[in-house]
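Residue numbers (UniProt numbering), protein chains in the order written: chain A, 1 to 673; chain B, 1 to 673. By construction, the Cβ of each residue, glycine as well, lies at the ideal position given by its N, Cα and C atoms.
Number of protein chains: 2
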Amino acid sequence: MALALIYIFLFSISFTSIHTHSHHHHPLDPLTAKEFNQIQTIITKSQADPTHNLTFQYVGLDDPDKQTILKWHSLNHTTQPPPRQALVITRVNKQTHETIVDLSSHSILSTRVYTGYGYPLFTFEEQIAANQLPLKYPPFIASVSKRKLNLTEVVCESFSVGWFGEKKKDKRELKILCYYLDGTVNLYVRPLEGITVVVDLDEMKITKYYDRFTVPMPKVDGIEYQASKQKPPYGPRANGVMVAQPDGPGFQIDGHMIRWANWNFHLGFDIRAGPIISLASIYDLEKDTFRRVLYRGFVSEMFVPYMDPTEEWYYKTFFDAGEFGFGLSAVPLEPMTDCPANAVFMDGYLAGQNGKPFKISNVFCIFEKNAGDVMWRHTETGIIGQVIREVRPEVSLIVRMVSTVGNYDYIVDWEFKQSCSIKVGVGLTGVLEVKAAPYTHTDQIKEDPYATLLADYTLGPYHDHFLTYHLDLDVDGDENSFVKDKLVTKRVTDHSSLRKSYWTVARETAKTESDAKTKLGIEPVELLVINPNKKTKIGNHVGYRLIPGSLASPLLADDDYPQIRAEFTKYHVWVTPYNKSEKWVGGEYVDRSRGDDTLAIWSARNRDIENKDIVLWYTLGFHHVPYQEDFPIMPTLSGGFELRPANFFNSNPVLKTRIPMVAHWRNCTSTDT
Amino acid sequence: MALALIYIFLFSISFTSIHTHSHHHHPLDPLTAKEFNQIQTIITKSQADPTHNLTFQYVGLDDPDKQTILKWHSLNHTTQPPPRQALVITRVNKQTHETIVDLSSHSILSTRVYTGYGYPLFTFEEQIAANQLPLKYPPFIASVSKRKLNLTEVVCESFSVGWFGEKKKDKRELKILCYYLDGTVNLYVRPLEGITVVVDLDEMKITKYYDRFTVPMPKVDGIEYQASKQKPPYGPRANGVMVAQPDGPGFQIDGHMIRWANWNFHLGFDIRAGPIISLASIYDLEKDTFRRVLYRGFVSEMFVPYMDPTEEWYYKTFFDAGEFGFGLSAVPLEPMTDCPANAVFMDGYLAGQNGKPFKISNVFCIFEKNAGDVMWRHTETGIIGQVIREVRPEVSLIVRMVSTVGNYDYIVDWEFKQSCSIKVGVGLTGVLEVKAAPYTHTDQIKEDPYATLLADYTLGPYHDHFLTYHLDLDVDGDENSFVKDKLVTKRVTDHSSLRKSYWTVARETAKTESDAKTKLGIEPVELLVINPNKKTKIGNHVGYRLIPGSLASPLLADDDYPQIRAEFTKYHVWVTPYNKSEKWVGGEYVDRSRGDDTLAIWSARNRDIENKDIVLWYTLGFHHVPYQEDFPIMPTLSGGFELRPANFFNSNPVLKTRIPMVAHWRNCTSTDT
């Protein structure tokens with residue numbers, strides 16, 4: 001391809017989102033705006049005492065039985081889909097109600113009051129209401145005054161309070177932290193340190209207030225991140241690299257089903273989990289059929305404990321999915337920056353506190369990625385007189401959501417590869433949660449600050465991020481086993497070889513849940529989910545392999561309260577038998593939970609998992625020691641893991657893939673933006 | 001940016017390589033064709049006995065003293081550069097000669113005969129000559145005949161033989177393995193198993209021959225990877241995603257110096273190491289100056305031991321850089337597939353066995369990557385009435401080489417990020433080295449096959465890949481220290497907090513080499529190279545952090561011969577004081593080495609490394625259990641690590657970067673290729 005000149009091409013992208021006009025719902029489709037309205041009406045009408053304040057804390061699809069879905073799916077969606085039902089969690093009269101609504105019959109199927117520990121997700125509306133309370137609360141106004149600050153420049157944010165061994169049942173509370181704008185929008189780096197505000201959410205009033213100390217306010221200089229507010233010199237500067245697809249996007253979106261290259265999957269959206277990948281199947285060219293890989297994949301929980309034990313910080317041990325909603329915190333993606341030029345966008349809907357639908361525009365983007373990587377290649381020079389060179393460039397499909405949980409922005413990617421891997425990526429960016437402190441130089445620090453000094457008066461406390469993924473793999477069917485192929489050193493003792501040692505593979509099949517729990521990084525092991533009932537032509541069990549990434553283990557003591565609540569982080573891998581109710585590793589009700597409904601508790605039953613429908617749970621993590629580069633806004637830190645076929649196919653599934661055609665466009669004239 | 005339509009743009013790329021017409025050599029520039037010729041003349045003329053066969057095993061730049069380079073560099077290249085010298089390793093009369101040639105004075109500075117263990121790199125020419133020997137060797141011809149194969153379809157390849165405890169000095173030998181084409185070019189998957197051919201390279205003749213057994217030949221069906229030979233159905237199919245740079249490449253190449261965004265570095269080429277990154281400096285916008293990061297980075301060695309202890313396989317424990325030459329094995333990169341459309345290419349030169357220059361076209365490509373990633377972002381919704389969203393898309397610079405060492409293809413990437421990270425990536429693809437065996441189904445396998453059955457009659461033996469990188473970090477100067485920031489759990493015992501535990505950072509500065517040796521994955525630790533003499537404004541030591549990736553530890557017994565030779569893999573991280581002679585972790589002479597000149601031996605001196613000019617050595621690795629998907633050609637398996645600034649800057653160095661302008665091109669008409 002010795003082309004001297006390449007022409008590139010007109011292409012058009014619509015930045016408008018994909019609208020689902022499909023008349024047939026897929027049973028796993030997220031609830032529509034119409035359905036949210038319908039649910040709101042049904043629940044409101046059913047209320048026993050209409051004077052009670054009714055708030056919708058969670059409204060989402062109550063997905064049908066897995067076997068029902070699978071049957072419907074296997075019949076190519078030709079039969080009547082299972083009935084649409086929704087799970088609705090409301091607060092009424094200081095109680096948590098769980099209701100199942102049937103949308104086809106327009107009726108309530110069941111309802112119960114939840115009386116256990118823990119509370120449902122916070123709504124945005126109650127957080128906003130709570131955030132306003134200090135601004136009208138005289139002691140707080142006095143605190144602002146004492147600090148010689150201007151109340152109109154103060155903004156407040158809500159934080160979950162956790163559980164720290166309290167015996168009697170907790171109230172539904174938040175702590176409110178306030179920040180000082182005064183010339184910046186980067187509020188999180190300007191905390192009014194020393195003040196504790198506790199709000200009772202059921203009463204919506206401040207119930208505790210302390211102002212323990214005053215420290216200098218971190219400076220406003222150098223904390224601004226808005227492009228419009230920067231002063232020269234700018235930089236660094238790189239030329240733009242645009243992506244272009246002369247033939248248009250290579251995927252089709254039908255409602256929430258996405259088909260691309262050899263993949264077919266359903267993309268759902270949930271207020272708690274964010275994106276939910278379902279029914280991911282891969283087309284097997286040799287067998288001329290789609291084969292199942294992943295029944296369901298989503299972020300089940302994210303645990304973010306901070307490591308400062310002092311009064312104002314000890315409680316900061318957040319469960320972002322279960323408390324704040326990973327989907328609720330999703331933000332509209334910006335074309336050309338959050339996602340490249342060839343991206344297509346999809347909206348998401350959720351219910352507000354009043355049950356009415358609320359749209360998040362561009363909640364997902366979907367695009368084909370060409371990072372300049374190589375799918376496979378070989379140059380063969382071993383045959384005299386010939387040089388063989390075959391290279392296949394890599395193009396993959398990305399599904400992206402960004403969840404901004406307060407200060408932090410999490411970029412969540414699901415990447416589908418033609419070579420049949422699923423790669424899960426997570427990027428951490430946004431603003432660090434910082435602590436004001438009276439230091440302008442490390443020399444002044446005499447005690448452990450539990451933090452890095454990032455700037456004048458600004459500490460970046462140490463913390464962790466643990467993301468636990470629910471991965472309901474169905475490798476060529478739902479009866480699967482989890483195997484550990486341990487790499488074990490063998491010594492040669494019989495002088496049969498000049499070698500003294502080698503390693504080989506010792507397969508262990510996990511019979512029960514306790515066999516499956518795995519801490520990685522200690523012993524070399526290949527982790528696979530196999531189908532013990534299906535073999536390749538030459539007799540290997542078909543499987544998918546987990547290639548771990550971003551390993552981190554919790555460093556909190558096992559008996560510490562946040563760790564009891566987050567015991568699911570103790571192993572990188574757990575495997576459970578499929579159970580529809582086991583979705584949220586931190587429990588159904590995570591706010592103020594006590595760890596009595598976690599993956600660790602479920603798994604303690606030690607159920608059989610061999611040749612069963614099983615779910616793999618993987619926790620990736622980051623221990624985050626902040627550095628000055630993370631301030632005032634943090635360059636993305638990335639991690640992830642891969643699910644890669646392992647004897648799933650009889651041979652390389654991309655052997656016969658062809659290089660996409662290069663299109664040339666001519667006779668262009670240019671204009672700038 | 002609610003654009004309904006985007007136009008893309010004409011851009012032109014020359015696929016011709018960059019030619020270096022600079023009149024001024026950079027002292028680190030690789031030897032030019034002219035210099036290779038000059039060296040060849042000098043060495044040939046100096047030969048005592050011209051009847052002796054003279055072969056050039058290694059010819060490369062003998063780089064000047066580091067301090068000399070640094071001084072010259074600090075004076076903005078205005079002074080006379082240090083003299084150009086070359087290291088030449090030849091074989092004459094069964095002896096290894098090491099000669100230093102001065103190019104300016106056209107003279108030999110020193111010469112010595114190396115009499116220690118181990119031999120230099122193999123030349124291509126001697127491998128090719130050796131590969132021909134079996135084809136004229138009657139016992140081999142008989143073996144082919146016995147197998148009812150056609151000799152004209154047999155091709156042979158050379159393999160290093162290692163060292164397995166032999167006491168007396170080894171000969172310079174290779175083993176030759178032969179393969180059967182007969183309708184395929186995928187020779188490596190059609191071995192003539194059971195035959196051992198040993199060649200004495202000094203005599204260039206077969207000195208040992210065994211034909212121990214015959215097993216069926218792996219089948220020719222399904223092993224072809226050439227696009228032209230595939231039969232339908234083809235697939236999977238993805239639409240093309242092209243990259244385009246309306247403003248052209250954003251980097252400048254001046255000779256071998258590359259400047260891009262905030263980076264400035266030198267890209268050299270060496271027959272043994274491949275790409276050598278030198279003098280990488282970053283422009284600090286705040287300080288308005290370039291600051292030093294990496295004096296030198298390159299692949300020092302790659303160790304690939306196979307795990308089959310049987311007679312025909314036990315010796316397969318390759319050192320690809322020291323035996324075969326990672327640079328010598330580089331292959332020309334193919335535009336549009338090995339590297340994207342916006343790549344620029346650079347040629348490499350090396351000396352053939354006769355000392356004459358030899359060009360590898362397109363040995364490197366350099367391109368700006370836009371993978372659709374996000375450099376940093378934040379959406380702020382905490383200020384009522386405002387939504388702030390700032391997103392900076394990621395564009396980085398890649399320098400790529402592909403080294404095809406026989407069957408395997410290694411894609412070696414150096415990625416420079418505007419956020420000042422250097423990411424090192426390696427991709428493994430190509431063809432597995434397989435073993436013929438009499439199996440068509442796993443049920444037939446009764447003993448450990450040391451391998452996965454991949455196809456009929458085809459085993460994929462277990463093996464490892466360890467790549468050790470030489471990383472001579474000079475963080476803001478050459479006096480640096482290596483520190484381990486250990487994350488340690490603290491229990492709260494004084495009831496000062498409702499928390500029972502937290503973690504904090506305990507810094508340990510490595511005083512000597514033994515302090516620095518680190519096995520990763522066991523304890524959580526942040527590894528940094530800091531400059532103990534330089535602090536940020538607020539007092540943190542400036543540093544760079546190693547974010548490890550692709551961790552694997554050797555599983556061979558410590559006393560096994562290959563592991564003695566590769567003891568440098570025993571720790572993921574080693575730190576040594578800079579020593580010009582310590583470049584090759586497996587020793588200067590690796591073929592048949594005995595482990596007496598490895599990083600482990602150098603480091604056993606336990607030298608001081610605190611506040612010294614230090615070198616960090618990082619080993620990434622893969623334990624490779626082959627799967628059927630890896631056959632007949634292997635989808636890329638990727639890994640790598642990152643060097644990330646850690647309090648190197650006073651704040652985020654990409655805070656003030658701007659989004660590259662989007663150019664629009666109009667009025668295009670299209671044609672296809």
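Taking a contact to require three or more Cβ pairs closer than 8 Å, the segment 295 to 306 of chain B and the segment 75 to 87 of chain B do not qualify as touching. Contact between Phe269 (chain A) and Gly348 (chain A) holds, since their C-beta atoms are separated by about 4 Å, short of 8 Å.
Between Ala566 (chain A) and Gly621 (chain A) a beta carbon distance of about 11 Å is seen, past the 8 Å cut, so the two are scored as non-contacting.
For the segment 338 to 352 of chain B, the residues whose beta carbon sits under 8 Å from a beta carbon of chain A are, in order, Asp338, Cys339, Pro340, Ala341, Asn342 and Ala343.
Between Ala330 (chain B) and Phe367 (chain B), the C-beta spacing is not below 8 Å. In this structure the segment 397 to 405 of chain B does not lie against the segment 419 to 431 of chain A, because fewer than three pairs of beta carbons, one per stretch, are closer than 8 Å. According to DSSP, residue pairing for Arg190 (chain A) in a beta bridge does not occur. Exclusion of the five residues before and after His25 (chain B) leaves Pro81 and Arg84 as the residues of its chain whose Cβ lies within less than 7 Å of its Cβ. In this structure, DSSP gives Pro532 (chain B) an extended state, which the three-state scheme calls strand. For Leu453 (chain A), same chain residues with a beta-carbon under 7 Å away, outside a window of 5 residues either side, are Tyr439, Thr442, Ile445 and Leu459 in chain order.
A distance below 7 Å between beta-carbons, with the five flanking residues on each side excluded, links Val299 (chain A) to the following residues of its chain, in chain order: Ala273, Gly274, Ala321, Phe326, Val412, Leu467 and Tyr469.
Burial state of Val113 (chain A) is exposed, judged by a 10 Å Cβ sphere holding fewer than 16 other Cβ atoms.
Between Gly118 (chain A) and Ala455 (chain A), the C-beta spacing is not below 8 Å. Going by C-alpha positions, Asp254 (chain B) is about 17 Å away from Phe290 (chain B). Residue burial is scored here from C-beta neighbours: Val189 (chain A) has at least 16 other C-beta atoms within 10 angstroms and is therefore classed as buried. A distance of 8 Å or more separates the beta carbons of Trp263 (chain B) and Arg592 (chain B). Excluding five sequence positions before and after Tyr180 (chain A), the CB atoms of its chain that fall closer than 7 Å to its own CB belong to Leu149, Glu153, Val154, Arg190, Leu192 and Met217, given in chain order. The Cβ of Lys287 (chain B) sits no closer than 8 Å to any Cβ of chain A. Chain-order list of chain B residues neighbouring Glu390 (chain A): Tyr225, Gln226 and Ala227, by C-beta distance under 7 Å. In this structure, DSSP gives Asp170 (chain B) a state outside helix and strand, which the three-state scheme calls coil. Interface annotation, Tyr234 (chain B): in contact with chain A, CB-CB separation under 8 Å.
One finds Gln628 in chain A with Cβ atoms closer than 7 Å to the Cβ of Asn650 (chain B), taken in chain order. Under the three-state reduction of DSSP output, Asp102 (chain A) falls in the strand class.
Interface residue (Cβ-Cβ distance to chain A less than 8 Å): His378 (chain B) is classified as such. The segment 269 to 317 of chain A is shown to contain whole beta strand (DSSP E) runs of 3 or more residues at 274 to 284 and 289 to 305, in chain order. Proximity of Gln245 (chain A) to chain B, defined by a Cβ-Cβ separation below 8 Å, is satisfied. By the C-beta criterion, the segment 196 to 211 of chain B is judged to be in contact with the segment 136 to 143 of chain B, since at least 3 inter-stretch pairs fall below 8 Å. Val387 (chain B) sits in coil when the DSSP states are folded into three classes, being neither helix nor strand.
Uninterrupted alpha helix (DSSP H) stretches at least 4 residues long and entirely within the segment 546 to 575 of chain B occur at 561 to 565, given in chain order. Against Glu526 (chain B), the close residues of chain A are Val625, in the order they occur along the chain (beta-carbon pairs closer than 7 Å). Only residues of its own chain outside the window of five on either side were considered, and among them Asn186, Pro632 and Ile633 have a CB closer than 7 Å to the CB of Tyr225 (chain A), listed in chain order. Around the Cβ of Thr504 (chain A), a 10 Å sphere holds 16 or more other Cβ atoms; the residue is buried. Unbroken alpha helix (DSSP H) stretches of 4 residues or longer found wholly inside the segment 571 to 641 of chain B: 599 to 603, given in chain order. About 7 Å separates the CB atoms of Leu616 (chain B) and Leu546 (chain B); that is less than 8 Å, so the two are in contact.
Using a Cβ-Cβ distance cut-off of 8 Å, the segment 641 to 651 of chain B and the segment 365 to 383 of chain B are not in contact, since fewer than three pairs of beta carbons, one from each stretch, lie closer than that value. Under DSSP, Glu526 (chain A) takes part in a beta bridge, and its partners are A:Asp485.
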